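Q:
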Amino acid sequence: MSTIKKSLNIIIFVLVFLAAAAIVNGADAGIDEYTIYTIKNANKYEHSIEEMKLLVNNMQNAVDSEKKAIADYKASKYQDDINEINSQIEQIKFYNGFTAVRGPGIMVRVSDNISEDPELDIMERIVHDVDIVVLLNDLKAAGAEAIEVNGKRIINISEVVCAGPLIRVNGEVIPAPFVIIAIGDMDELYDAVTEEGTYAYELKNTYGMEVVAAQGYNLTVREFRGINYETKYAEIIKEGEK
Amino acid sequence: MKNRMWQKAIMFAISLILGIILVTQMRTKSNVLGTVNSDEKTVELNEELAKLNLEKNRLRDELELLKKENRENEEVYKDAEEELLRLKEELEVQKIISGYYDVKGPGTIITIDADPDTYLSLASSHQFILALISYLNNAGVEAISINGQRYTNYTEIVPVLEHINVNGVAMVLPLEIKAIGDTSTIKSSLYFVGGIVSQLNQIGYTIETEDSDEIFIQRYDGEKQFKYAVPITRNEDI
Chain A
0 MSTIKKSLNI IIFVLVFLAA AAIVNGADAG IDEYTIYTIK NANKYEHSIE EMKLLVNNMQ
60 NAVDSEKKAI ADYKASKYQD DINEINSQIE QIKFYNGFTA VRGPGIMVRV SDNISEDPEL
120 DIMERIVHDV DIVVLLNDLK AAGAEAIEVN GKRIINISEV VCAGPLIRVN GEVIPAPFVI
180 IAIGDMDELY DAVTEEGTYA YELKNTYGME VVAAQGYNLT VREFRGINYE TKYAEIIKEG
240 EK
Chain B
93 MKNRMWQKAI MFAISLILGI ILVTQMRTKS NVLGTVNSDE KTVELNEELA KLNLEKNRLR
153 DELELLKKEN RENEEVYKDA EEELLRLKEE LEVQKIISGY YDVKGPGTII TIDADPDTYL
213 SLASSHQFIL ALISYLNNAG VEAISINGQR YTNYTEIVPV LEHINVNGVA MVLPLEIKAI
273 GDTSTIKSSL YFVGGIVSQL NQIGYTIETE DSDEIFIQRY DGEKQFKYAV PITRNEDI
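In order, the protein sequence lines correspond to chains A and B. Residue numbering for the first sequence follows this note's numbering, beginning at 0 and increasing consecutively. Residue numbering for the second sequence follows this note's numbering, beginning at 93 and increasing consecutively.
Below is the structure:
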């Protein structure tokens, strides 16, 4: 009995030992140095992935904001505005005489009386600034749409003033003979400088000056060349102001 | 009997300890490794990282292109903005010259009158008014009006009977001529010896000038139709 018991005890002991060994072995299940390394690596990967995701996210935001900026530029209408203002400027420049024009009209040449007429004072034989001013005004009154004197376009801010033996127009001096070109109704313009009683008629017939007028179907009048003309004093009164 | 009890107790204790160790081991393992195979997971993570890397590179290239486009746009639009500003200023200047807008600014008011006892025909002295305007322009004035009529590019001063018409409006003395510009230049352009003021005085007119910090000049209300003049475009030869 006691031998059986003893051997049974030994068997149980061995069995328990084996079971414990098996369990410990099973529980260990491949956790070796390599496994630990892999696990550490996996952690590192996860960390990198988090960082990368953040980076990608930031970049996506940057891309979106750049795209929005491009869309904003496309939506802005600078070019339309520029075209619109340019066409307004072209129109008003034509009106103001800042554009060269062509059309029918007349050409008038005026120069001093070079004869030695004893009845006329020397001052009366010379073409003065005021003579040109009056001729230009007569042409305007006859419906001239564009006028130039010796290539200088006459507009409402043009001066025609005496400068010794010369005349100053648009800041430049011009000598006699004065060649005036005016575009408009040929006959009306011609009459305005040839009919009896006109200022030009007087210059020619009373003061003996050379006044020659000729009609032309296709004359050219140059543009006012104060391209960089700037206003320093006048400003436009906006609606509602005053 | 007593011996048996001991044996049983020892067996129980050993089993208990073994059980605790076993469970602890299992838990630690699953905590450390998770439920999936660690090798598989590494491969998965690797793939994800590679994918993200590709995405990052793609975004970087895209961003570079977009930034370049924006830089170019910025330059183009900066130029456009400057151009627009310049054009607006040019348009403003042209509008002022045209006479189609009410304008204000510093300048001089010139009043031309005559003694009531003297007889003067304004019509026969219209060339002096024209000369006066010419001398105002010589002083660089930017806007002129005669008795409220804006002097435009197409304004004529026509003698009619004893008076003058300006923009088709009849006018008699006194004439009030407003000019916006530099007041001292205006004065020196009118008042020099033998100048337009002395010429006007000589034939009996009285001239008064008054400087003002703010002169208002009304716009011209008429219209000008062009029937003959045609603009020559820039490309065309003159």
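Just so it is clear, CB atoms sit at the ideal spot from N, CA and C, and this is done for glycine as well. Just so it is clear, the structure is predicted and the values come from calculations on it, not from any experiment.
Can you give the Cα-Cα distance for residue 147 of chain B and residue 119 of chain B, rounded to whole angstroms?
A: Numbered from its first residue, the second sequence carries residue 147 of chain B at position 55. Numbered from its first residue, the second sequence carries residue 119 of chain B at position 27. Going by the C-alpha atoms only, they are around 38 Å apart.
Q: Look at the alpha carbon of residue 88 of chain A and the alpha carbon of residue 236 of chain B, and state the distance between them as a whole number of angstroms.
A: As a first step, residue 88 of chain A must be located in the first sequence, where it is residue number 89. As a first step, residue 236 of chain B must be located in the second sequence, where it is residue number 144. For residue 88 of chain A and residue 236 of chain B, the distance between alpha carbons rounds to 22 Å.
Q: Counting only beta-carbon separations shorter than 8 Å, does residue 259 of chain B have a partner in chain A?
A: By 1-based counting over the second sequence, the position of residue 259 of chain B is 167. Contact of residue 259 of chain B with chain A is not assigned, every C-beta pair being separated by 8 Å or more.
Q: Is there a C-beta anywhere in chain A that falls below 8 Å from the one on residue 292 of chain B?
A: For the purposes of this step, residue 292 of chain B is identified with residue 200 of the second sequence, where counting begins at 1. Taking Cβ atoms only, chain A never reaches closer than 8 Å to residue 292 of chain B, which makes this a no.
Q: Quickly, what does DSSP pair residue 94 of chain B with across the bridge? List them, please.
A: Residue mapping note: residue 94 of chain B aligns to position 2 of the second sequence, counting from 1. None, per the DSSP bridge assignment.
Q: What residues in the segment 188–205 of chain B have a beta carbon less than 9 Å from any beta carbon of chain A?
A: 188, 189, 190, 191, 192, 193, 194, 195, 196, 197, 198 and 199
Q: Distance check for residue 224 of chain A and residue 157 of chain A, CA to CA, integer angstroms please.
A: As a first step, residue 157 of chain A is located in the first sequence; it is residue number 158 there, counting from the start. As a first step, residue 224 of chain A is located in the first sequence; it is residue number 225 there, counting from the start. Going by the C-alpha atoms only, they are around 11 Å apart.
Q: Output, in chain order, the set of chain A residues within a Cβ distance shorter than 8 Å of residue 324 of chain B.
A: Residue 324 of chain B sits at position 232 when you count from the first residue of the second sequence. By Cβ distance, chain A contributes 98, 99, 100, 101 and 219.
Q: Sort B/266, B/184 and B/154 by Cα distance to residue 202 of chain B and report the nearest one.
A: Sequence index remark: in the second sequence, residue 202 of chain B carries index 110 (1-based). Closest by C-alpha distance to residue 202 of chain B, out of B/266, B/184 and B/154, is B/266.
Q: Output the distance between the C-alpha atoms of residue 113 of chain B and residue 140 of chain B, rounded to the nearest integer angstrom.
A: Taking the second sequence and counting its residues from 1, the one referred to as residue 113 of chain B is at position 21. Taking the second sequence and counting its residues from 1, the one referred to as residue 140 of chain B is at position 48. Cα to Cα, the separation comes out at about 37 Å.
Q: Go to residue 112 of chain A, then tell me how far its beta strand (DSSP E) extends in each direction, as first and last residue.
A: For the purposes of this step, residue 112 of chain A is taken as the residue at position 113 of the first sequence. Where residue 112 of chain A is concerned, there is no enclosing beta strand (DSSP E), given that its DSSP letter is neither H nor E.
Q: Is the beta carbon of residue 247 of chain A sitting closer than 8 Å to the one on residue 147 of chain A?
A: What is shown of chain A runs 0 to 241, which leaves residue 247 of chain A out entirely.
Q: Kindly indicate the opening and closing residues of the alpha helix (DSSP H) around residue 275 of chain B.
A: Within the second sequence, numbered from 1, the residue matching residue 275 of chain B stands at position 183. Looking at the DSSP string, the run of the alpha helix (DSSP H) that includes residue 275 of chain B is 275–282.
Q: For a cutoff of 8 Å on Cβ pairs, would you count residue 70 of chain A as touching chain B?
A: Mapped onto the first sequence, residue 70 of chain A falls at position 71. Output row for residue 70 of chain A: interface = no.
Q: If contact is defined by three or more beta carbon pairs under 8 Å, each pair taking one atom from either stretch, is the segment 284–292 of chain B in contact with the segment 254–269 of chain B?
A: They do not touch, by the three-pair rule.
Q: In chain B, what lies closer than 8 Å to residue 236 of chain A by C-beta?
A: Working through the first sequence from its first residue, we reach residue 236 of chain A at position 237. Simply 193, 194, 195, 196 and 308.
Q: Beta-carbon of residue 230 of chain A versus every beta-carbon of chain B: anything under 8 Å?
A: As a first step, residue 230 of chain A must be located in the first sequence, where it is residue number 231. At least one chain B Cβ lies under 8 Å of residue 230 of chain A.
Q: What in chain B is Cβ-close to residue 242 of chain A, meaning under 9 Å?
A: It is not possible to answer for residue 242 of chain A, since the shown part of chain A is limited to 0 through 241.
Q: Under 8 Å Cβ-Cβ, which residues of chain A neighbour residue 276 of chain B?
A: Reading the second sequence from its first residue, position 184 is the one you call residue 276 of chain B. Correct list: empty, because the minimum Cβ distance to chain A is about 12 Å.
Q: Taking any Cβ of chain B, which residues in the segment 178–198 of chain A have a Cβ under 9 Å from it, in chain order?
A: 182, 183, 184, 185 and 198
Q: Quick check: the Cα distance between residue 181 of chain A and residue 250 of chain B, rounded to an integer number of angstroms?
A: Position 182 of the first sequence holds residue 181 of chain A. Position 158 of the second sequence holds residue 250 of chain B. Going by the C-alpha atoms only, they are around 18 Å apart.
Q: With burial defined as no fewer than 16 other Cβ atoms inside 10 Å of the residue's Cβ, what is the status of residue 162 of chain A: buried or exposed?
A: The count along the first sequence starts at 1 and reaches residue 162 of chain A at position 163. Its Cβ having fewer than 16 others within 10 Å, residue 162 of chain A is exposed.
Q: I want to verify the contact list: residues of chain B whose CB lies under 8 Å from the CB of residue 87 of chain A, in sequence order.
A: Against the first sequence, residue 87 of chain A aligns to sequence position 88. Correct list: 183.
Q: Mind checking residue 270 of chain B: buried by the 16 CB within 10 Å criterion, or exposed?
A: Residue 270 of chain B sits at position 178 when you count from the first residue of the second sequence. With 16 or more Cβ atoms within 10 Å of its Cβ, residue 270 of chain B is classed as buried.
Q: Give the DSSP-derived three-state secondary structure of residue 134 of chain B in the structure shown.
A: Position 42 of the second sequence, counting from 1, holds the residue named residue 134 of chain B. Correct three-state label for residue 134 of chain B: helix.
Q: Anything in the segment 235–265 of chain B with a Cβ closer than 8 Å to a Cβ of chain A? List those residues in chain order, please.
A: 235, 236, 243, 244, 245, 246, 247, 248, 249 and 250
Q: Just to confirm my understanding: we take residue 189 of chain A, look at its own chain, exclude 5 residues before and 5 after, and list those with CB closer than 8 Å. What are they?
A: On the first sequence, residue 189 of chain A is found 190 positions in, with the first residue counted as 1. Cβ within range, chain order: 105, 212 and 214.
Q: What's the call for residue 104 of chain B, buried or exposed, on a 16-neighbour Cβ count within 10 Å?
A: Looking up residue 104 of chain B in the second sequence gives position 12. Exposed, since its Cβ has fewer than 16 Cβ neighbours within 10 Å.
Q: List the whole-angstrom C-beta distance separating residue 231 of chain B from residue 256 of chain B, where the pair is believed to meet the contact cut-off of C-beta under 8 Å.
A: Stepping through the second sequence from its first residue, residue 231 of chain B is reached at position 139. Stepping through the second sequence from its first residue, residue 256 of chain B is reached at position 164. Actually they are not in contact, since the Cβ atoms of residue 231 of chain B and residue 256 of chain B sit about 22 Å apart, beyond 8 Å.
Q: Please confirm if residue 84 of chain A has its CB atom under 8 Å from at least one CB of chain B.
A: Walking along the first sequence from the start, residue 84 of chain A turns up at place 85. Closer than 8 Å to some Cβ of chain B, the Cβ of residue 84 of chain A qualifies, so yes.
Q: Any beta-carbon of chain B closer than 8 Å to the one on residue 59 of chain A?
A: As a position in the first sequence, residue 59 of chain A is number 60, starting the count at 1. So yes, residue 59 of chain A belongs to the interface.
Q: Counting Cβ pairs, one atom from each stretch, are 3 or more of them under 8 Å apart for the segment 74–87 of chain A and the segment 137–152 of chain A?
A: no
Q: Could you check if residue 7 of chain A is buried or exposed, using at least 16 other CB atoms within 10 Å of its CB as the buried criterion?
A: Your numbering for residue 7 of chain A matches position 8 in the first sequence. Answer is exposed; the Cβ neighbour count stays below 16.
Q: Which residues of the segment 152–164 of chain A have a Cβ closer than 8 Å to any Cβ of chain B? Give them in chain order.
A: 154, 155, 156, 157, 158, 159 and 160
Q: Which same chain residues end up closer than 6 Å to residue 183 of chain A when comparing Cβ atoms and leaving out the 5 residues on each side of it in sequence?
A: Residue 183 of chain A sits at position 184 when you count from the first residue of the first sequence. Hits under 6 Å: 104, 142, 143 and 144.
Q: Please state whether the Cβ-Cβ distance between residue 37 of chain A and residue 131 of chain B is less than 8 Å.
A: Here residue 37 of chain A corresponds to residue number 38 of the first sequence, with the count starting at 1. Here residue 131 of chain B corresponds to residue number 39 of the second sequence, with the count starting at 1. In this structure, residue 131 of chain B lies closer than 8 Å to residue 37 of chain A by Cβ.
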